[in-house]
Amino acid sequence: MTIEDLYQIGALYREQLASFRAEIQICGSGTCRSAGAAEIQRAFESVCEEEGIRPEIRIVTTGCMGLCGQGPLLRVLPGDVTYTRITAGDAERIIREHVINGKPLKERMLPEDYPFFTRQTPVVLEHMGRIDPESIEDYIAHGGYEALAKAVTYQSPEHIILEIRNAGLRGRGGGGYPTGLKWDIVRRGTSQQKYVVCNADEGDPGAFMDRAMLEGNPHAILEGMAVAGYAVGATQGFVYVRGEYPLAVDRMKRAITEAERKQLLGNRIFDSGFSFRVDLRMGAGAFVSGEETALLHSIEGKRGQPNPRPPYPSQVGLWGKPTVVNNVETFANVAPIIHRGARWFQGIGTKRSTGTKVFALAGRVRDTGLIEVPMGTTLREVIFDIGGGITDGGSFKAVQTGGPSGGCIPEKHLDIPVDYESLAQAGSIMGSGGMIVMDDSSCMVDVAAYFMEFCQSESCGKCIPCRVGTVQLSRLLDRIRRGVASEQDIETLEELCVMVKDTSLCGLGQAAPNPVISALHFFRPEFERHYRDHVCEAGVCPVHSTEAAGDAAGIESGGAHV
Amino acid sequence: MSEIRTLTIDGEMISAPAGATVLDAAREHGIRIPTLCHLDGLSDTGACRLCLVEIEGNNRLQPACVTRVEEQMVVRSSSPRIEKYRRMILELLFAEGNHVCAVCVVNGHCDLQDLAYDVGMDHVRFDYLHPQREVDSSHDRFVLDHNRCILCARCVRVCDEIEGAQTLDIAGRGVASWIVSDLEERWGEARSCTSCGKCLLVCPTGSLFEKGLRHADSSRKADFLRYMVNVTRRQK
Chain A
11 MTIEDLYQIG
21 ALYREQLASF
31 RAEIQICGSG
41 TCRSAGAAEI
51 QRAFESVCEE
61 EGIRPEIRIV
71 TTGCMGLCGQ
81 GPLLRVLPGD
91 VTYTRITAGD
101 AERIIREHVI
111 NGKPLKERML
121 PEDYPFFTRQ
131 TPVVLEHMGR
141 IDPESIEDYI
151 AHGGYEALAK
161 AVTYQSPEHI
171 ILEIRNAGLR
181 GRGGGGYPTG
191 LKWDIVRRGT
201 SQQKYVVCNA
211 DEGDPGAFMD
221 RAMLEGNPHA
231 ILEGMAVAGY
241 AVGATQGFVY
251 VRGEYPLAVD
261 RMKRAITEAE
271 RKQLLGNRIF
281 DSGFSFRVDL
291 RMGAGAFVSG
301 EETALLHSIE
311 GKRGQPNPRP
321 PYPSQVGLWG
331 KPTVVNNVET
341 FANVAPIIHR
351 GARWFQGIGT
361 KRSTGTKVFA
371 LAGRVRDTGL
381 IEVPMGTTLR
391 EVIFDIGGGI
401 TDGGSFKAVQ
411 TGGPSGGCIP
421 EKHLDIPVDY
431 ESLAQAGSIM
441 GSGGMIVMDD
451 SSCMVDVAAY
461 FMEFCQSESC
471 GKCIPCRVGT
481 VQLSRLLDRI
491 RRGVASEQDI
501 ETLEELCVMV
511 KDTSLCGLGQ
521 AAPNPVISAL
531 HFFRPEFERH
541 YRDHVCEAGV
551 CPVHSTEAAG
561 DAAGIESGGA
571 HV
Chain B
21 MSEIRTLTID
31 GEMISAPAGA
41 TVLDAAREHG
51 IRIPTLCHLD
61 GLSDTGACRL
71 CLVEIEGNNR
81 LQPACVTRVE
91 EQMVVRSSSP
101 RIEKYRRMIL
111 ELLFAEGNHV
121 CAVCVVNGHC
131 DLQDLAYDVG
141 MDHVRFDYLH
151 PQREVDSSHD
161 RFVLDHNRCI
171 LCARCVRVCD
181 EIEGAQTLDI
191 AGRGVASWIV
201 SDLEERWGEA
211 RSCTSCGKCL
221 LVCPTGSLFE
231 KGLRHADSSR
241 KADFLRYMVN
251 VTRRQK
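Have a look at this one:
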């Protein structure tokens with residue numbers, strides 16, 4: 011495979027695409043599939059058969075189109091008309107009226123200027139929901155693997171690292187560590203063997219960015235990994251994906267095989283001296299395996315438990331060798347940077363947080379789904395402009411960012427820009443990009459208890475503060491929920507939060523108290539209403555009456571002395 | 021000759037060979053840092069968090085057992101914050117399992133109990149979890165009492181790293197983690213066990229003990245590992 015071959019594959023495929031009279035793209039992400047995307051596709055195929063136009067129409071299943079709350083989605087080309095909430099029964103009208111007669115169904119289509127789409131800046135999601143994730147030719151026809159070709163044939167590893175550093179790309183897994191700096195440490199490592207690992211072990215409640223990207227554009231991730239491999243001098247990459255994502259696993263496996271077949275992975279890529287293989291490893295469903303040292307243990311076939319850092323994986327990683335560990339979205343940013351240059355990337359976002367960020371917008375907003383906005387966009391813009399505001403006329407209460415490691419941000423901070431520093435200042439984190447919007451029907455004590463319960467059951471059990479501390483925090487929060495807590499319990503809760511944060515071994519434990527700390531900081535009166543007045547204003551918690559509280563407190567308090 | 025690093029621990033200027041851990045350096049100079057999961061001769065995991073120390077210029081507390089000494093490092097092994105955390109860690113441990121010292125085989129010879137005395141832990145302010153745990157006495161000679169286990173994994177490491185049998189391991193997650201033998205079989209049925217008894221010698225609590233022997237009568241030989249490692253090194 012040479013660059014010319016690559017261009018030819020792309021050109022041929024584009025020619026093929028142009029020969030179709032129309033194209034029907036059906037969202038095939040996990041969400042839309044569960045809402046019947048496959049059945050819808052069959053319905054469209056059979057209507058086209060009936061009308062005798064089947065060979066002229068391209069019907070394709072794509073990755074996530076973004077607006078998950080209104081799925082299943084369907085797009086008709088030419089014209090770029092998007093239809094929402096499609097059923098198999100709509101096939102006949104759409105084919106006859108839109109495709110054959112050229113008159114789109116006005117009442118069913120999404121307005122062209124629908125803010126959910128127009129206010130986004132797609133970089134990593136640029137081809138998502140538009141290309142066939144199971145066709146490497148489609149990816150190539152959209153400029154795929156050109157960045158890899160450019161990198162390995164014209165550029166030195168040092169140049170690539172400099173480009174990534176100049177672009178200011180930071181880890182999209184949430185930590186925000188400068189990617190170029192990480193790559194440089196691995197490149198400088200003296201070991202003969204080095205590795206590149208894609209962390210696709212997404213486990214935050216309410217988050218599905220990585221899943222959507224793996225399902226919708228797997229080659230973009232492989233390309234980013236291969237560029238990273240070339241830049242740091244690695245010959246082997248691993249994609250570590252959670253086993254709960256069977257479709258993502260299938261698509262990624264297929265992508266690896268196709269890329270190998272086309273010699274875009276394997277030996278002497280683009281006839282250069284660079285060889286790079288990628289293998290897939292499936293996680294067995296442990297949240298902690300998203301922590302990089304635990305993830306590496308899991309790839310090695312060991313129990314997914316973290317190690318104290320330092321040493322960092324960039325120095326001592328997989329089987330003791332220098333290893334790049336980056337998140338899915340980080341790798342997806344690589345090809346666009348190599349393609350269009352650091353200066354272009356710098357122009358998006360803020361000074362210290364460049365580029366865009368993908369969020370999974372969920373909760374009580376009108377339009378839920380996958381979005382990509384420039385760093386620095388305010389939370390208000392995300393929730394009210396893109397997300398369309400709160401559903402059912404409710405009023406905004408808080409937005410939870412960063413999953414179980416993040417915190418709840420109240421209305422007074424809605425105008426902060428979404429970047430690593432600002433979110434941290436507001437007591438939360440970027441995290442991998444989960445964003446759950448809550449209205450008055452949510453109780454913050456209940457939310458804090460939910461996240462603590464999650465961390466408690468996902469703790470690996472290696473270190474004591476996380477293993478036992480989270481259980482005790484959970485019990486304290488449960489007491490508040492039930493209205494049987496005392497002042498002393500709140501003091502213990504606060505003290506224990508700080509202790510678990512300060513002493514836990516890995517990020518899971520260190521961040522586990524964050525939702526509680528931020529909820530206490532911003533919504534303290536709500537906690538007090540629970541334990542003093544035994545009232546849950548949202549009506550969510552099973553608060554007791556005062557007498558019952560007294561009884562229960564008596565039963566609950568302490569056990570035997572040592 | 022290895023290079024020497026000079027550092028300060030608790031205001032005392034000390035020197036230690038490059039590559040030594042803060043814990044090694046401290047103990048070498050008679051500065052006591054409490055540990056539970058650490059044992060000379062076994063690999064370190066940094067799991068018990070009792071040896072956390074403050075290092076100047078670093079906001080995060082660092083475990084002394086895996087932190088290497090550096091030139092000009094300033095370490096504080098004790099401060100009100102650290103003392104408080106150590107006590108809380110012990111309280112959490114006592115609340116987690118079923119630790120009733122009065123009826124324990126190692127009462128008086130228990131690392132956990134000693135540490136509790138040291139930090140002045142006279143009560144526990146957290147809920148006792150009172151877990152339903154088993155006692156595995158299926159082995160001919162030994163007993164594994166899960167009620168006393170603090171999951172320090174010393175037994176797992178000694179079985180793997182010193183004996184090479186890899187009989188013991190940890191299964192499960194969080195507070196539901198527990199020590200298993202072979203493929204979650206009863207210890208007596210675990211064919212890989214060589215009955216060497218090393219796990220008993222390294223257990224810091226009364227979780228592992230020999231049948232018919234009152235441990236209150238025989239103190240443990242935790243320093244045997246250092247002896248064994250030295251013998252092995254000399255042979256090599």
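Chains A and B, in that order, give the protein sequences.
Just add 10 to wherever you are in the first sequence, counting from 1, and you've got this note's numbering.
Just add 20 to wherever you are in the second sequence, counting from 1, and you've got this note's numbering.
All C-beta atoms, glycine included, are put in the ideal place defined by N, C-alpha and C.
Small disclaimer: the values here were computed from a predicted structure and weren't measured.
Buried or exposed (CB count within 10 angstroms, at least 16 for buried), residue i
i	result
B:L220	buried
A:T340	buried
A:K204	buried
B:G77	exposed
B:I24	exposed
B:D64	buried
B:E32	exposed
A:Y155	buried
A:N524	buried
A:T333	buried
B:A191	exposed
N- and C-terminal bounds of the beta strand (DSSP E) containing residue i
i	result
A:D2	The structure shown does not extend to residue 2 of chain A, since chain A spans only 11 to 572, so no value can be given for it.
B:F229	L228 to E230
B:T187	Per DSSP, B:T187 belongs to no beta strand (DSSP E) and is neither H nor E.
A:L290	R287 to G293
B:I29	I24 to I29
A:A408	F406 to T411
A:T92	V91 to Y93
A:G40	Here A:G40 belongs to no beta strand (DSSP E); instead the alpha helix (DSSP H) covers G40 to S44.
B:V94	V94 to R96
Residue i, enclosing alpha helix (DSSP H) - first and last residue
i	result
A:L275	Segment: none, A:L275 is in no alpha helix (DSSP H) and carries neither H nor E.
A:M235	P228 to V242
A:T71	First-last for A:T71: I67 to T72, but that is the beta strand (DSSP E), not the alpha helix (DSSP H).
A:L328	Looking at the DSSP string, A:L328 is not in any alpha helix (DSSP H), and its letter there is neither H nor E.
A:W193	T189 to R198
B:C219	K218 to V222
A:Q51	A47 to E61
A:Y164	E156 to Y164
A:Y430	Y430 to Q435
Assigned secondary structure, residue i (DSSP; H/G/I helix, E/B strand, else coil)
i	result
B:F146	coil
A:S567	Low confidence applies to A:S567: its pLDDT is 43, below 50, so where it sits in the model is not reliable, and the reading given next is rough at best. DSSP places A:S567 in coil when its eight states are reduced to three.
B:L70	coil
A:T513	helix
A:L371	strand
A:R313	coil
A:C418	strand
B:I109	helix
A:E504	helix
B:L204	Checking the displayed sequence, the identity of residue 204 of chain B turns out to be Glu instead of Leu. Three-state result, B:E204: coil.
A:N336	strand
A:D15	helix
A:E557	With a pLDDT of only 48 at A:E557, under the threshold of 50, the placement of this residue in the model should not be trusted, and no figure is reported.
Contact belief for residue i with residue j at Cβ below 8 Å, rounded distance in angstroms
i	j	result
A:E391	A:T131	About 12 Å; that fails the 8 Å criterion.
A:H423	A:A436	5 Å
A:Y93	A:M119	5 Å
A:I638	A:F284	Limits of chain A in this structure are 11 at one end and 572 at the other, which puts residue 638 of chain A out of reach.
A:N470	B:R193	Note that residue 470 of chain A is Cys in the sequence shown here, rather than Asn. Between B:R193 and A:C470 the Cβ distance is about 6 Å, and since that is below 8 Å, they are a contact.
Residues that residue i contacts on chain C, provided the C-beta gap is smaller than 8 Å
i	result
B:M93	Protein chains in the displayed structure are A and B, and chain C is not among them.
CB contact flag (residue i, residue j, <8 Å)
i	j	result
A:K113	A:I348	no
A:G413	A:A217	yes
B:V95	B:L27	yes
B:L149	B:D156	no
A:H531	A:G493	no
A:F355	A:A522	no
A:E310	A:L290	no
B:C172	B:C57	yes
A:E468	A:A304	no
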